[in-house]
Amino acid sequence: MGCEAEPPPGLTSRVFPQVELKSEEVKRLQQERDGYLLYVQHYAAAYQLHAAAYQQLLSQKETLHRELLQQTQAMDQLQQEKAQGAMVAERARQELQEAQVRELLRAGPLTGRTWQPPCLLTLFPGPLGAPASHQPKEPAAPGPAEPNG
146 MGCEAEPPPG LTSRVFPQVE LKSEEVKRLQ QERDGYLLYV QHYAAAYQLH
196 AAAYQQLLSQ KETLHRELLQ QTQAMDQLQQ EKAQGAMVAE RARQELQEAQ
246 VRELLRAGPL TGRTWQPPCL LTLFPGPLGA PASHQPKEPA APGPAEPNG
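Quick note: the sequence shown uses the numbering used here, first residue 146, plus one each step.
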């Protein structure tokens, strides 16, 4: 006497094939689910890599922007210094010319020569002034006197 009752004979022949079909469908759906899960995991990993790369690019962009700003400021400062240097040089040139004119006026009238304005090239011989061929030559040292005869 067992508690187990046997299913009716017609039921087993209809139920077992349906159970097998459902079992196969469950396996197929589980495999499909696993495939989708794997796809989503790969997608999430790729997204994280892309997000990290994007953040790195943003950081590099900010760094380059700061460097560009610093270089622009340095160039502006150099241009200002150049302009100030040019103004100082021009002021010094004018002061030198004025001093030369005052000195010439103080020296009095020139005898036997016509007055010509001073030329900076003759006042500053060498690489910054007149070339060596245009420099005033010093008188030759007196040598032994030749007899007049």
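No residue lacks a Cβ here, since even glycine has one placed at the ideal position from N, Cα and C.
Owing to the predicted nature of the structure, the values given are computational and were not obtained by experimental measurement.
Is residue i helix, strand or coil when you go by DSSP?
i    : result
G253 : coil
E226 : helix
E151 : coil
V185 : helix
E165 : helix
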